[in-house]
Amino acid sequence: MQTPSDRHAYPSHWEADVVLRDGGTARIRPITAEDADRLVSFYEQVSDESKYYRFFAPYPRLSAKDVHRFTHHDQVDRVGLAATVGGEFIATVRFDRIDSRGMSASAPADEAEVAFLVQDAHQGRGVASTLLEHIAAVARERGIRRFAAEVLPANTKMIKVFTDAGYQQKRSFEDGVVRLEFDLEPTDRSLAVQRAREQRAEARSVQRLLTPKSVAVIGVGRTPGGVGRSVLRNLREAGFTGQLYAVNSAFDEGAEVDGVPAYRSVRDIDETVELAVVTVPAERVPQAVAECGERGVLGLVVISAGYAESGPEGRERQRELVRQARSYGTRILGPNAFGVINTSPDVRLNASLAPHPPERGRIGLFTQSGAIGIALLSGLHRRGAGLSTFVSAGNRADVSGNDVLQYWYEDPDTDVALMYLESIGNPRKFTRLARRAAAAKPLVVVQGARHSGIAPTGHTVQATRLPYATVSALLRQAGVIRVDTVTEMVDAGLLLAGQPLPSGPRVAILGNSESLGLLTYDACVADGLRPLPPLDLTTGATPDDFRAALADALSDDACDAVIVTAIPWVGEDGATGSPEGEELAAALREAAAGCPAKPVAVVHVELGGLAEALAAATRTRPDAPAPAPGSGGCAHPSRPAGRLPTATPTAATAGEAYRIPAYPAAERAVRALAQAVKYAQWRREAREPGKVHEYEDIDESGAARRIGELLVEQDDPRGATLAQDDARELLGRYGIDVRDARPAPDPDAAVAAAHALGYPVALKTTAPHLRHRADLGGVRLDLADEEQLRRAYAELTEAFGKPAELRPVVQAMAPRGVDTVVRAVIDPAAGAVLSFGLAGAASELLGDTGHRLIPVTERDAGSLVRSIRTAPLLFGWRGSAPVDTPALEELLQRVSRLVDDHPEVVAVSLEPVVVAQRGLSVLGASVRLAPPPARSDLGPRALPGY
Numbered sequence: 040m041q042t043p044s045d046r047h048a049y050p051s052h053w054e055a056d057v058v059l060r061d062g063g064t065a066r067i068r069p070i071t072a073e074d075a076d077r078l079v080s081f082y083e084q085v086s087d088e089s090k091y092y093r094f095f096a097p098y099p100r101l102s103a104k105d106v107h108r109f110t111h112h113d114q115v116d117r118v119g120l121a122a123t124v125g126g127e128f129i130a131t132v133r134f135d136r137i138d139s140r141g142m143s144a145s146a147p148a149d150e151a152e153v154a155f156l157v158q159d160a161h162q163g164r165g166v167a168s169t170l171l172e173h174i175a176a177v178a179r180e181r182g183i184r185r186f187a188a189e190v191l192p193a194n195t196k197m198i199k200v201f202t203d204a205g206y207q208q209k210r211s212f213e214d215g216v217v218r219l220e221f222d223l224e225p226t227d228r229s230l231a232v233q234r235a236r237e238q239r240a241e242a243r244s245v246q247r248l249l250t251p252k253s254v255a256v257i258g259v260g261r262t263p264g265g266v267g268r269s270v271l272r273n274l275r276e277a278g279f280t281g282q283l284y285a286v287n288s289a290f291d292e293g294a295e296v297d298g299v300p301a302y303r304s305v306r307d308i309d310e311t312v313e314l315a316v317v318t319v320p321a322e323r324v325p326q327a328v329a330e331c332g333e334r335g336v337l338g339l340v341v342i343s344a345g346y347a348e349s350g351p352e353g354r355e356r357q358r359e360l361v362r363q364a365r366s367y368g369t370r371i372l373g374p375n376a377f378g379v380i381n382t383s384p385d386v387r388l389n390a391s392l393a394p395h396p397p398e399r400g401r402i403g404l405f406t407q408s409g410a411i412g413i414a415l416l417s418g419l420h421r422r423g424a425g426l427s428t429f430v431s432a433g434n435r436a437d438v439s440g441n442d443v444l445q446y447w448y449e450d451p452d453t454d455v456a457l458m459y460l461e462s463i464g465n466p467r468k469f470t471r472l473a474r475r476a477a478a479a480k481p482l483v484v485v486q487g488a489r490h491s492g493i494a495p496t497g498h499t500v501q502a503t504r505l506p507y508a509t510v511s512a513l514l515r516q517a518g519v520i521r522v523d524t525v526t527e528m529v530d531a532g533l534l535l536a537g538q539p540l541p542s543g544p545r546v547a548i549l550g551n552s553e554s555l556g557l558l559t560y561d562a563c564v565a566d567g568l569r570p571l572p573p574l575d576l577t578t579g580a581t582p583d584d585f586r587a588a589l590a591d592a593l594s595d596d597a598c599d600a601v602i603v604t605a606i607p608w609v610g611e612d613g614a615t616g617s618p619e620g621e622e623l624a625a626a627l628r629e630a631a632a633g634c635p636a637k638p639v640a641v642v643h644v645e646l647g648g649l650a651e652a653l654a655a656a657t658r659t660r661p662d663a664p665a666p667a668p669g670s671g672g673c674a675h676p677s678r679p680a681g682r683l684p685t686a687t688p689t690a691a692t693a694g695e696a697y698r699i700p701a702y703p704a705a706e707r708a709v710r711a712l713a714q715a716v717k718y719a720q721w722r723r724e725a726r727e728p729g730k731v732h733e734y735e736d737i738d739e740s741g742a743a744r745r746i747g748e749l750l751v752e753q754d755d756p757r758g759a760t761l762a763q764d765d766a767r768e769l770l771g772r773y774g775i776d777v778r779d780a781r782p783a784p785d786p787d788a789a790v791a792a793a794h795a796l797g798y799p800v801a802l803k804t805t806a807p808h809l810r811h812r813a814d815l816g817g818v819r820l821d822l823a824d825e826e827q828l829r830r831a832y833a834e835l836t837e838a839f840g841k842p843a844e845l846r847p848v849v850q851a852m853a854p855r856g857v858d859t860v861v862r863a864v865i866d867p868a869a870g871a872v873l874s875f876g877l878a879g880a881a882s883e884l885l886g887d888t889g890h891r892l893i894p895v896t897e898r899d900a901g902s903l904v905r906s907i908r909t910a911p912l913l914f915g916w917r918g919s920a921p922v923d924t925p926a927l928e929e930l931l932q933r934v935s936r937l938v939d940d941h942p943e944v945v946a947v948s949l950e951p952v953v954v955a956q957r958g959l960s961v962l963g964a965s966v967r968l969a970p971p972p973a974r975s976d977l978g979p980r981a982l983p984g985y
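The opening residue of the sequence shown carries number 40 in the working numbering; numbering runs sequentially from there.
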């Protein structure tokens, strides 16, 4: 019979699917009274040694009393969680709240004793460390702030679980037992440990899909044709280095398909199957997944369609597919996937519908669309680019771009990552992962369906209120190279994969067409580069002329990159020289090899042979002359030869194909180079990201108390906008002074307010339709005396309506300056975002607003101020006096601190902020409070729920 404390509602929000250290999955959930048989079965499979470590004595079996105690929890003072695979327990953890004497207790006691037990077969998979994250989160939710654990000294694995978690802890030794005590408040180190484990686990789960030693294709037809047969053929023709199996329930025993052993079911295969490619109709997929799960298949690529892309029924079928696969500890790519490719000579995997796999290269490619994947593979192949890996996720019900990014981060075979995304399921996490990845290798992203505001059919994503331009700005802040089309993505990828990063924006232009050189010059200026005057070699220039000119340009210290322009050239006899382009391509490669530290790009017109010759790169990167002092880091071909210097991480390494990217239009080459310049600058700045400034006058604790009081007063779970006085008080605790604006319901009240504030004053309306719209005439400035104030009051009411409708206020005049706007908002998907722009309809109409993720550093604040197109107005445009931008940057940092310190502050708007030559004035402020939204990025690791 249940006691009253046993009748707490089942906490379903504690359930979670997690990725373990080896890439497999498990489900974590609360233990209930219905788990008695599972607990007994689990305990029987635990070794005597593990039982001894758990109970400090021989404990061969659980008594009925033990089973009841370990399966009945009040979910407040006693909580038990289990990690399950296939519905069976593989590990358990529980805590019991205790008092200062170590006895059972209830709240307000804030300490609990915690204990684990992991089945021996699953030890070493990171199960205990994952359970610790989840039980700690549960404990914090229940008001427990500290864990205590007693461990035998010989139980080194469990001691390591606690000590490696990153929490602040104390250790003592008494009566032959190690006692560990640690606070549960997340620390920078505990979050770093958690994210490092997340990266390893998710990368390993993708590695399982890309480096299998055996593959079974389920749904292979008995006759040629069909998806399954095509995938099997592609695997064979790619030269897959592992074992292949064909599966179809209609096969005869002992059959073969094109020399591949054929079976009726995966369960009939005696050897281990690491990857299964499922191509059967959707209604037969559950049976295939069940057979794979029972056989212990490590990963699934589901090419079958008929899921969420087909409507509500298919969406439910997709949810059930993910639930079923995860119950077996397996991850899924798809459904409706195009497949995966790995060009590594150790694997040579083409488990996709692409009949011709790409050549081996240094580019990783991820797409959500199969059609776009086909186009990208074709385009990259046509331009001579090779891939390391290719992943097309289809509906990405499970494995997503975030997982693949985790894999590429540590993949030594991938130097550049290209991603075509139609939706971003977890923008906050993607931004975090992208920032880390971009610090090591370029990440180029193009996003489809960005203007429709609707996720593609089949994609389940968290809603965001942020416009696309804001999301793009946040991605660029994270180092992502954001492009608008797949063509631009390929253009940028080719340059980044084959050339070093430029050290600056200075570009030399040379070629045999003055007009094409001028077009290239104009394109450079338009994209923010600093082009040098083009060098015209004339239409009679020979490949030797190109070689010498390129070598000279690369040796120039005033040049950071070179763009070569080429049109068909004409010899003295009028004949077209080198129509196929091989001679010119060889000359350019030879010159470029003498300066491996500077990128080179080629613009060609009607020289398809040149593009093909450059793409072919038939020879490896040659030995190059050693750089000489004063040569711009380059060596002239006439000087003594030496070893090639080590290339940057983004350039092709020695011994591999050396390619100069070629473009059919100047604008495309320049845009790719401009992206590389901006990315290189971001990389340099990312090494010193700055710090979040600490201000001594900030009253964080006082603000927290006041926020708590205001939330109680509001008593609205949706939150509410603070009254003006409350907003001024809260902002003041963070050193943000808002100028007093006094209500003026009638002319006499306006005069009284002006006398109290002191002339000159401003009179303005605060009605929603007129607020912050000085262009509509709702503001009167520099009113020097009572007469002017009364006249202005009369004009306003006569023009716009009664005072009750206008809500006029009087405010002391601020020093003249530039009107700006500062806003902060917490988006449920992207997190806290700080925005800045100039005030006024023109900036709003043009969308000229900068954005940064909170918290911002002093470097972020400075770059935010300078990121808008109208920033010159702040720095003395057309002879005007520069304003106090350091004060503006400080204000941005203080707003960032307020929102970061107090997640209950869900929106802040300061408008206008008048920035003068010295100091600034905040003339209007709005603050919205609400119960803090859940922060999934600070909680325990978990896969998206299904």
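Beta carbons: idealized from backbone N, C-alpha and C, even for Gly.
(Q) So the candidates are Glu224, Ala204, Tyr91; which of them puts its Cα closest to the Cα of Ala193? (A) Tyr91
**Q.** Span separating the alpha-carbon of Gly978 from that of Gln753
**A.** 28 Å
(Q) Just to confirm my understanding: we take Ala148, look at its own chain, exclude 5 residues before and 5 after, and list those with CB closer than 6 Å. What are they? (A) Arg136, Asp138
Q) How would you label His890, buried or exposed, when you count the other beta carbons within 10 angstroms and need 16 or more for buried? A) buried
**Q.** Straight-line Cα distance separating Thr428 from Arg658
**A.** Model confidence at Arg658 stands at a pLDDT of 34, short of 50, so the residue's coordinates are unreliable; what they give is reported in the following sentence. Near 23 Å, if we compare the C-alpha coordinates of Thr428 and Arg658.
Q) Looking at the structure shown, is Phe290 part of a helix, part of a strand, or coil, going by DSSP? A) coil
Q.
Checking 9 Å against the spacing of the C-beta atoms, do Thr169 and Ala65 come in under that value?
A. yes
Q.
I need the straight-line Cα distance from Val259 to Ser343, nearest angstrom please.
A. 12 Å
Q: Check the C-beta distance from Asn389 over to Ile402 and give it rounded, since I have them as a contact under 8 Å.
A: Contact between Asn389 and Ile402 is ruled out by a C-beta separation of about 16 Å, above the 8 Å threshold.
Q.
With a threshold of 8 Å, are at least 3 pairs of Cβ atoms found where one atom belongs to the stretch 858-867 and the other to the stretch 943-957?
A. yes
Q) Thinking C-beta only, is Met458 closer than 9 Å to Gly487? A) no
Q. So, is Pro983 buried or exposed, given that buried needs 16 or more other C-beta atoms within 10 angstroms?
A. Label assigned to Pro983: buried.
(Q) Using the Cβ count rule (16 or more neighbours within 10 Å means buried), how would you classify Thr195? (A) exposed
Q: Let me know the secondary structure DSSP gives His794 once reduced to three states.
A: helix
Q | CB-CB length for Gly278 against Arg387, believed under 8 Å | A | 4 Å
Q: Write down the C-beta distance between Arg778 and Leu959 rounded to the nearest angstrom, noting that I regard them as a contact closer than 8 Å.
A: Not a contact, Cβ separation roughly 11 Å.
Q. On the three-state DSSP scale, how would you describe Ile411?
A. helix
(Q) Are the CB atoms of Pro925 and Ala878 within a distance shorter than 9 Å? (A) no
Q | Best match in Leu360, Pro582, Leu828, Gly119 for proximity to Pro786 [C-alpha to C-alpha] | A | Leu828
Q: Out of Ile257, Gly119, Glu189, state which residue places its alpha-carbon closest to the alpha-carbon of Ile174.
A: Considering only Ile257, Gly119, Glu189, the residue with the shortest C-alpha distance to Ile174 is Gly119.
Q: With distances taken Cα to Cα, identify the nearest neighbour of Arg358 among Ala436, Gly350, Leu337.
A: Ala436
Q) Taking the alpha carbon of Glu897 as the point to measure from, which residue in Pro911, Glu928, Ala871, Val872 has its own alpha carbon closest? A) Considering only alpha carbons, the answer is Glu928.
Q) By a C-beta neighbour count over all protein chains shown, 10 Å radius and 16 as the cutoff for buried, is Gln763 buried or exposed? A) With a threshold of 16 other beta carbon atoms within 10 Å, Gln763 meets it and is buried.
Q) Going along the chain, which unbroken runs of the alpha helix (DSSP H) with 4 or more residues stay wholly within the stretch 694-748? A) 705-725
Q) Which stretch, first to last residue, makes up the alpha helix (DSSP H) that contains Tyr448? A) 440-449
Q. Just curious, the beta strand (DSSP E) that Val947 is in, first and last residue?
A. 944-954
Q) If you draw a straight line from the C-alpha of Pro572 to the C-alpha of Ile606, how long is it? A) 19 Å
Q | When Gln407, Ala410, Gly418, Ser408 are compared against Glu398, the one with the closest alpha-carbon | A | Gly418
Q) Smallest Cα separation from Ala981: which of Tyr49, Arg365, Phe290? A) Of the candidates Tyr49, Arg365, Phe290, the one whose C-alpha sits nearest the C-alpha of Ala981 is Arg365.
**Q.** Counted within 10 angstroms of its Cβ, other Cβ atoms place Leu884 as buried (16 or more) or exposed
**A.** exposed
Q.
Taking 8 Å as the cut-off, does the stretch 540-554 touch the stretch 505-517 (at least 3 CB pairs, one atom from each stretch)?
A. no
Q: Specify, as a first and last residue, the run of the alpha helix (DSSP H) that Asp530 falls within.
A: 525-537
Q.
Using CA atoms only, rank isn't needed, just tell me which of Val232, Val256, Pro50 is closest to Gly165.
A. Val232
Q) Are the beta-carbon atoms belonging to Leu653 and Pro728 less than 9 Å from one another? A) no
Q: Tell me, please, whether the CB atom of His112 is closer than 9 Å to any CB atom in chain D?
A: As a matter of chain content, chain D is missing from the structure shown, which is built from one protein chain.
Q) Near Pro351, what residues of its chain come up, given a Cβ to Cβ distance below 6 Å and the 5 sequence neighbours on each side ignored? A) none
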